[in-house]
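*Asks:* I am attaching a structure below and will ask some questions about it afterwards.
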Amino acid sequence: MKENIIDSILLDLDGTLVDTASEMHLALNVLLNEEEMELQPYEAVRPHVSNGVMGIFNTIFEDSPEVNGRRFNRYLDIYEEHLGINAQVFPGMNEV
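Numbering-wise, the sequence shown is residues 2 to 97 according to our numbering.
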């Protein structure tokens with residue numbers, strides 16, 4: 002009989018295990034640059050990361066849902082391109 006070498010599989014769906022705030026910030030600034038808008042400092046974006054992309058968008062953009070829908074889709078493309086560049090496992094998660 003084969004021995005299982007995998008003890009567990011952990012999925013991080015909401016940023017509990019891996020801190021992706023810096024990548025969310027990067028993706029936002031790439032989008033803002035494309036839109037020729039003022040870039041945002043990390044400190045202004047970080048408090049809204051736990052509310053997801055729309056939480057960030059609601060603090061930055063005041064446009065119509067249609068415009069924000071287009072932005073949202075573009076943001077997701079940018080985020081996917083940059084995923085894993087700056088992500089850091091939260092302290093203690095390696096031991097888990």
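Virtual Cβ for every residue (Gly too), placed ideally from N, Cα, C.
Here the structure is a predicted model, which is why all the values come from computation and not from measurement.
Taking V50 as the reference, give the member of S23, N74, Y76 with the closest Cα.
*Replies:* Closest option to V50, Cα to Cα, is S23.
*Asks:* Could you give the first and the last residue of the continuous alpha helix (DSSP H) run that contains P92?
*Replies:* P92 -> no alpha helix (DSSP H), and no H or E assigned at all.
*Asks:* Our contact map puts L29 next to R75 with C-beta atoms below 8 Å; I'd like the distance itself, whole angstroms only.
*Replies:* About 11 Å separates the two Cβ atoms, so there is no contact after all.
*Asks:* So F62 is in the alpha helix (DSSP H); what residue range does that whole segment cover?
*Replies:* Note, F62: premise wrong, no alpha helix (DSSP H); not H, not E.
*Asks:* In the DSSP assignment, what are the bridge partners of D144?
*Replies:* In the structure as shown, the chain begins at 2 and stops at 97. Residue 144 is therefore absent and cannot be evaluated.
*Asks:* Quick one, are the C-beta atoms of V46 and F91 less than 8 Å apart?
*Replies:* Going by C-beta atoms, V46 is not nearer than 8 Å to F91.
*Asks:* Provide the residue(s) that pair with V19 in DSSP beta bridges, ordered along the chain.
*Replies:* V90
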